[in-house]
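Numbering (the numbering used here), first residue to last: 40 to 442.
No residue lacks a Cβ here, since even glycine has one placed at the ideal position from N, Cα and C.
Every value quoted in this text rests on a predicted model; they were computed, and no experiment measured them.
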Ligand code: AMP
């Protein structure tokens with residue numbers, strides 16, 4: 040049985056067709072530049088050469104039609120007909136404080152996605168367009184929505200409430216929501232499965248370190264705190280996002296540099312983070328290469344990042360009253376041993392001890408999963424490649440009772 044995973048952006052539509060018996064990917068791809076000039080579909084059928092299709096694609100419905108045409112194409116397709124797609128799983132950013140778990144798409148769910156347009160202005164409208172495009176193109180195929188915020192909905196009020204007048208939380212829904220929830224959920228579950236352990240009684244910090252980075256405290260398998268907030272801007276310094284800064288910096292800079300709200304948003308989201316500090320790149324590979332050549336600000340940016348990861352691990356150990364496991368995932372977490380080592384150094388008092396050889400073995404591009412802590416480390420430290428698509432596919436199968 041096959042499940043199609045759709046991740047719709049404002050001008051893009053990423054997809055993966057997963058065969059659920061052995062959870063293998065049959066094909067994946069991305070429609071880019073929807074509704075703008077030179078749209079293109081890049082399609083990777085497993086075991087066949089990659090194809091690029093350039094065609095006029097005016098909206099998400101047209102993009103979805105092309106995806107289906109491509110999946111069933113006699114030459115580069117991977118299935119014979121659309122009937123071979125049992126269900127569609129959609130990635131959706133923001134479920135606000137109404138959605139705690141993955142849900143079967145119905146009118147009520149679409150209403151919640153719409154109600155949260157303001158909280159996820161770049162993603163929620165596009166996610167809904169993806170759902171509506173599928174409804175048009177494959178009206179009889181059931182759909183599930185999997186929300187990035189859902190896993191964090193178990194946080195207690197003291198973790199999600201900001202110290203602003205309470206009526207503004209009530210009126211504007213301003214609170215911590217957290218993001219990358221599907222990734223944090225996937226890696227925390229995966230670790231428990233690897234160790235053959237029950238969630239009950241476990242205290243874990245999951246570090247999703249990529250271009251956007253977030254950390255979660257996962258106690259008894261449930262999220263009790265996370266570093267991203269109302270938006271994905273809070274928390275660690277990221278590729279080009281500033282992460283947590285003194286809020287007074289915002290008004291100070293707006294006054295001194297005469298910036299509008301839009302300009303300030305661009306400053307904090309696109310010009311800051313390790314890019315802003317180093318002045319050279321948001322990509323950790325570039326920063327590592329520059330730092331090795333003696334670029335001081337590249338080294339500073341890397342140090343700031345690892346230091347911030349370390350602080351969150353310590354804070355969340357305090358929040359959970361102890362620590363059993365740390366998991367590293369996503370682009371940096373999976374591929375950058377030096378960041379993992381630096382983030383864990385100095386945490387020996389918590390019982391964290393990295394085995395440098397094991398850590399260096401899980402190097403860039405190897406895609407491996409495994410333990411990197413020393414045999415006498417009290418805390419187990421692991422690298423687990425994230426797989427949000429598979430998590431969405433599993434939720435889809437489970438919720439629709441397709442097993
Ligand atoms: P992500 O947002 O999860 O795709 O992560 C992107 C970040 O991971 C970038 O800063 C990359 O520099 C970093 N990274 C380091 N090594 C690799 C690698 N081998 N493949 C992909 N990303 C990498």
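{"query": "Residue 430 burial status per 10 Å Cβ neighbour count (16 or more: buried)", "result": "buried"}
{"query": "Closest Cα partner of residue 435 within the set 333, 184 and 354", "result": "184"}
{"query": "Residue from 206, 381, 280 and 228 with nearest C-alpha to residue 243", "result": "228"}
{"query": "Contact test: residue 221 Cβ vs the ligand AMP heavy atom, cutoff 7 Å", "result": "no"}
{"query": "Cβ shell of residue 14 (< 8 Å), same chain only, five flanking positions each side left out", "result": "Only positions 40 to 442 of the chain appear in the structure, and residue 14 is not among them; the question remains open."}
{"query": "Delimiting residues of the alpha helix (DSSP H) encompassing residue 255", "result": "Residue 255 -> not in any alpha helix (DSSP H); beta strand (DSSP E) instead, spanning 252-258."}
{"query": "Alpha-carbon spacing of residue 317 relative to residue 416, whole angstroms", "result": "34 Å"}
{"query": "Any non-hydrogen atom of the ligand AMP within 7 Å of residue 323 CB", "result": "yes"}
{"query": "Residue 324 - containing alpha helix (DSSP H), residue span", "result": "323-331"}
{"query": "Closer than 7 Å: residue 245 CB and nearest the ligand AMP heavy atom", "result": "no"}
{"query": "Cut-off 7 Å between Cβ atoms - residues of its own chain near residue 249, not counting five sequence neighbours on either side", "result": "369, 370 and 371"}
{"query": "Neighbourhood of residue 345 by C-beta distance below 6 Å, restricted to the same chain and skipping five residues each side", "result": "378, 381 and 382"}
{"query": "Where residue 139 sits in the DSSP three-state scheme", "result": "coil"}
{"query": "Residue of 252, 269, 251 and 241 minimising C-alpha distance to residue 259", "result": "241"}
{"query": "Sub-8 Å separation of residue 393 and residue 414 beta-carbons", "result": "no"}
{"query": "Enclosing beta strand (DSSP E) for residue 84 [first to last residue]", "result": "79-84"}
{"query": "4 or more residues per run - each alpha helix (DSSP H) lying fully within the region 391-427", "result": "395-400"}
{"query": "Contacting residues, own chain, Cβ-Cβ under 6 Å from residue 137 (five flanking each side not counted)", "result": "151"}
{"query": "Beta-carbon contacts of residue 54 that lie in its chain and below 7 Å, excluding the five residues immediately before and after", "result": "43, 44, 45, 67, 68 and 106"}
{"query": "Status (buried if at least 16 other CB within 10 Å, exposed otherwise) for residue 401", "result": "buried"}
{"query": "Beta-carbon contacts of residue 199 that lie in its chain and below 7 Å, excluding the five residues immediately before and after", "result": "214 and 215"}
{"query": "Buried versus exposed call for residue 192 [16 or more other C-beta atoms within 10 Å across all chains shown]", "result": "buried"}
{"query": "Extent of the continuous alpha helix (DSSP H) run through residue 344", "result": "335-359"}
{"query": "Sequence-distant residues of the same chain with beta carbon closer than 6 Å to residue 175, five excluded per side", "result": "100"}
{"query": "The ligand AMP heavy atom lying under 7 Å from the CB of residue 331", "result": "no"}
{"query": "Extent of the continuous beta strand (DSSP E) to which residue 243 belongs", "result": "242-248"}
{"query": "Other residues of its chain near residue 194: CB distance less than 8 Å, five sequence neighbours each side excluded", "result": "215, 217, 262, 263, 264 and 265"}
{"query": "Three-pair Cβ contact test at 8 Å for the region 348-356 versus the region 223-238", "result": "no"}
{"query": "Cβ-heavy atom distance, residue 315 to the ligand AMP, below 7 Å", "result": "no"}
{"query": "Same chain only: Cβ atoms within 7 Å of residue 311, ignoring 5 sequence neighbours per side", "result": "279, 280 and 281"}
{"query": "In chain order, each beta strand (DSSP E) run of at least 3 residues that lies wholly inside the region 146-212", "result": "182-186"}
{"query": "The ligand AMP heavy atom lying under 7 Å from the CB of residue 411", "result": "no"}
{"query": "DSSP state of residue 72 mapped onto helix, strand, coil", "result": "coil"}
{"query": "Alpha-carbon spacing of residue 277 relative to residue 285, whole angstroms", "result": "16 Å"}
{"query": "When 49, 40 and 302 are compared against residue 61, the one with the closest alpha-carbon", "result": "40"}
{"query": "Counted within 10 angstroms of its Cβ, other Cβ atoms place residue 356 as buried (16 or more) or exposed", "result": "buried"}
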